[in-house]
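For the sequence shown, the residue numbers in our numbering are 826 to 1011.
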Amino acid sequence: MKSLTRSLAAVVVCATAFALGVSANQQTAPETNFASEVIDLGMVVSDLDKSLKFYKDVIGFEEVAGFQVPGQFALDTGLANKLGLDVHVLVLGKGEKATKLKLMQFKTSPGARVDNTFIHSSYGFRYLTVAVKDVNAAVARAEKAGAKPIAKCPVPLPEGFPAGVALANYRDPDGNLVELVGPWKQ
């Protein structure tokens, strides 16, 4: 009888602990209206080959299977004036949480350049931040690929920000600012 009582008590304790754990997990993960916490970025470029080389060789993205968008669908959704899209997909990381950068070029209808002199020169998305594990290694990879930083490189973050972290800024072939930020060694 003591054995049965102990077994029942153990089951009750385990069930209670499980229920509390489930309840705690439900309380710490608020509901959202989003199916994913990750966003993808689409970028129209002037020279697809140069941009693919920059984002793969300088920054470290990997190319995965891309996709095509028919012209009528592009028109119906407001993406393009009946021009089809050939989208090249680059990823940072693996799996569902990988950042995706979708590059495309419109050779028959080139876009206009914006002023990329400084981030305050134009409205809209002004720079892309890529968190790296080692800024020194990222800068070495960029130099090996022939990329030149736009200013001092790397620059440690100012006082009040995490110590031992620096950033290096580069421009892609269309002049877009790409910021590499992470730990560094002086």
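Beta carbons are placed, not taken as given, at the ideal position from N, Cα and C, and that holds for glycine.
Taken in chain order, the whole alpha helix (DSSP H) runs of length 4 or more contained in the stretch 855-905 are 873-878, 896-901. Contact annotation: Q930 and D872 have beta-carbon atoms nearer than 8 Å.
Assigned with DSSP and collapsed to three states, E1004 falls in strand. An exposed status is given to F986, since fewer than 16 other beta-carbon atoms sit within 10 Å of its beta-carbon. With 16 or more neighbouring CB atoms inside 10 Å of its own CB, H913 falls in the buried class. Beta-bridge annotation (DSSP): V957 is not paired with any residue.
If you draw a straight line from the Cα of Q893 to the Cα of L917, it comes to about 21 Å.
Under the three-state reduction of DSSP, K969 is assigned to helix. Three or more Cβ pairs drawn from the stretch 873-883 and the stretch 967-975 lie within less than 8 Å of each other, which places the two stretches in contact. Less than 8 Å divides the Cβ of N1001 from the Cβ of L953. By the 16-neighbour rule on beta-carbons within 10 angstroms, V889 is exposed.
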